[in-house]
Amino acid sequence: MTDSAKPRVARGADKRRRLTAAAARILHEQGVERTTLADIARVAEVPVGNVYYYFKTKDELVQAALSEHSAHLDELTRRLDGLTDPRDRLKALIEAWVGQRDVAARYGCPTGTLAVELDKRADGTLDAEAGAVIRRLLDWAGRQFRALGLPDPDDLAVTLVSAYQGMSLLANALRDPDIMTREGARLLRWLDSLKAPRQTP
186 MTDSAKPRVA
196 RGADKRRRLT
206 AAAARILHEQ
216 GVERTTLADI
226 ARVAEVPVGN
236 VYYYFKTKDE
246 LVQAALSEHS
256 AHLDELTRRL
266 DGLTDPRDRL
276 KALIEAWVGQ
286 RDVAARYGCP
296 TGTLAVELDK
306 RADGTLDAEA
316 GAVIRRLLDW
326 AGRQFRALGL
336 PDPDDLAVTL
346 VSAYQGMSLL
356 ANALRDPDIM
366 TREGARLLRW
376 LDSLKAPRQT
386 P
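The opening residue of the sequence shown carries number 186 in the numbering used here; numbering runs sequentially from there.
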């Protein structure tokens, strides 16, 4: 079915979806300040005039991009939740991060880089939304550590996510994807070393 043959509502939803996906990608690659609505329209293959019908401002597109990152995170954690063992879920998360090493080396962590850039703005609303996406990851990781019976599960989640942000930043700054590989292997060994305390009789 051609685009013109689709019902109008379906065409509208498809354009909005393409614009949201394009915003998530281009804002990650170029940053908020360097990205124009025309850049996003070009990647989405939508006439630039149509962008304003769906998103009145660039900030609305940034919000849409953050929603896209949140949806990707939810999709990933839903897949990981299909694994029986919480430790295996955490390992699979690390392997997913390492699998994105080339992207991280070129552009950094999608949500982390956006959070840092948005934090420099005075209004303080969009940076809170970026922080909320990271909070969702922390909460999910904390639940896995809690299910393993480990003490201080929320602190362990912070350690894990901090390690990810750090290795993404270094891989990006040094343009070296192998940092993600090496640090990912270190994180896997760390996970294996964590043992729940023995229960006293």
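Beta carbons are placed, not taken as given, at the ideal position from N, Cα and C, and that holds for glycine. Bear in mind that the values here come from a model prediction, so they are computed numbers and not experimental data.
Beta-carbon proximity check, residue i vs residue j, cutoff 8 Å
i, j, result
"Val346", "Leu322", "yes"
"Ala185", "Phe240", "Because the chain in this structure spans residues 186 to 386, residue 185 falls outside the shown range and cannot be described."
"Glu245", "Arg203", "no"
"Val236", "Met365", "no"
"Val318", "Leu251", "yes"
"Phe330", "Ala342", "yes"
"Gly327", "Asp339", "yes"
"Val288", "Val247", "no"
Beta-carbon proximity list for residue i, same chain, < 7 Å, skipping 5 on both sides
i, result
"Ala381", "Leu333, Gly334, Leu335"
"Ala388", "No statement about residue 388 is possible, as the shown extent of the chain runs from 186 to 386 and does not include it."
"Leu373", "Lys276, Ile279"
"Arg272", "Leu333, Leu376"
"Trp325", "Thr262"
Cα-Cα separation, residue i to residue j
i, j, result
"Glu214", "Arg383", "47 Å"
"Asp224", "Ile211", "8 Å"
"Leu268", "Gly234", "45 Å"
"Ala358", "Ala290", "7 Å"
"Leu361", "Leu379", "Note that residue 361 is Asp in the sequence shown here, rather than Leu. Distance between the alpha carbons of Asp361 and Leu379: 29 Å."
"Arg274", "Val228", "34 Å"
"Leu255", "Ala313", "One point to set straight first is that residue 255 is Ser, not Leu, in the sequence displayed. For Ser255 and Ala313, the distance between alpha carbons rounds to 13 Å."
"Asp363", "Pro192", "47 Å"
"Thr242", "Arg201", "14 Å"
"Leu265", "Thr220", "33 Å"
"Tyr238", "Pro232", "11 Å"
"Ser353", "Asp259", "20 Å"
"Asp337", "Leu222", "44 Å"
"Lys305", "Arg320", "19 Å"
"Thr344", "His257", "22 Å"
Proximity test, Cβ basis, 8 Å: residue i and chain B
i, result
"Lys305", "The structure shown contains no chain B; it is built from a single protein chain."
Cβ-based neighbour list, residue i, same chain, cut-off 8 Å, excluding 5 preceding and 5 following
i, result
"Glu253", "Thr205, Ala206, Ala208, Ala209"
"Asp270", "none"
"Tyr398", "Nothing in the structure corresponds to residue 398, since the chain is present only between 186 and 386."
Cβ-based neighbour list, residue i, same chain, cut-off 6 Å, excluding 5 preceding and 5 following
i, result
"Tyr349", "Trp282"
"Leu303", "Leu311, Asp312, Ala315"
Cβ separation of residue i and residue j, assumed to be a contact under 8 Å, to the nearest whole Å
i, j, result
"Ala356", "Arg263", "With a Cβ gap of about 26 Å, Ala356 and Arg263 do not count as contacting."
May I ask you to verify whether the region 369-378 touches the region 290-298, counting CB pairs closer than 8 Å and requiring at least 3?
-> no
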